[in-house]
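Using the numbering used here, the letters of the sequence shown map in sequence onto residues 104 to 293. Cβ atoms here follow ideal geometry from the backbone N, Cα and C, with glycine treated the same way.
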Amino acid sequence: MTATYTFDVFCSLDGFGSHHGDWGGYWGKQGPELLAHRLAQYSEDQRMVFGATTFRTTAEMLNAAADEVLDPWVKRLRNLPATVVSNTLVGPLDWPDATVQGGDAVDVVTRLKKESDVPLRSHGSLALNRALLAAGLVDRVQVTLYPVITGRTGEGPIFAGAEDFDLELLETRTLDGSIQELIYRPTLHP
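This is the structure:
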């Protein structure tokens with residue numbers, strides 16, 4: 104059996120994954136519906152996959168935050184088993200259940216897809232996921248689209264440098280009246 108791999112990313116309307124402005128987390132647009140939906144998604148058994156840069160940033164942020172200020176889905180994410188694809192990090196990591204796998208990301212995720220008995224999910228890790236998309240290893244692209252344009256303060260253009268893909272829309276939902284979740288099946292465009 105081959106495990107499914109989902110590239111899960113937050114996005115502004117203009118295609119940025121984060122910002123350096125004063126928006127706050129979730130661009131200040133989160134509500135109870137989004138947070139409950141995220142918790143339900145992350146409550147399912149799955150394995151997280153991180154690139155080294157995203158792992159370092161996420162671990163630093165979560166380890167510095169008091170547990171009571173973290174959203175429940177983020178607490179759950181931190182406690183899911185995780186594989187960090189890195190040739191620079193070494194274990195043990197300051198994360199409850201994370202292992203480091205060195206080597207080529209495509210090879211690592213190909214092996215994980217073959218061996219895992221649970222779905223794989225990556226939140227962020229843009230460079231890693233662009234490489235996995237190009238290799239045809241991403242089964243689902245889940246974009247949570249926030250109703251903002253961050254032209255001046257946007258950082259991390261999500262698909263900059265990616266190959267061209269056709270996207271088959273599999274699911275869509277509106278959360279808290281203005282946030283769109285779009286789930287696609289990507290196919291490399293010839």
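Asked, Found
"In DSSP terms, what Ala185 is bridged to", "Met151, Ala201"
"Through-space distance from Ala155 to Asp210, alpha-carbon basis", "16 Å"
"Other residues of its chain near Ser146: CB distance less than 7 Å, five sequence neighbours each side excluded", "Arg179"
"Cβ pair count under 8 Å reaching 3, the stretch 251 to 268 against the stretch 224 to 238", "yes"
"Beta-carbon spacing of Arg276, Thr109 below 9 Å", "no"
"Which of helix, strand or coil DSSP assigns to Thr161", "helix"
"Bridge-paired residues (DSSP) for Gly257", "His122"
"Expected contact under 8 Å - CB spacing of Met164 and Ala185 to nearest Å", "About 15 Å; that fails the 8 Å criterion."
"Of the listed residues Gln245, Leu248, Pro289, nearest to Ala237 (C-alpha basis)", "Pro289"
"Coil, strand or helix - Glu218 by DSSP", "helix"
"CA-to-CA distance, Arg141 to Ile261, given in whole angstroms", "20 Å"
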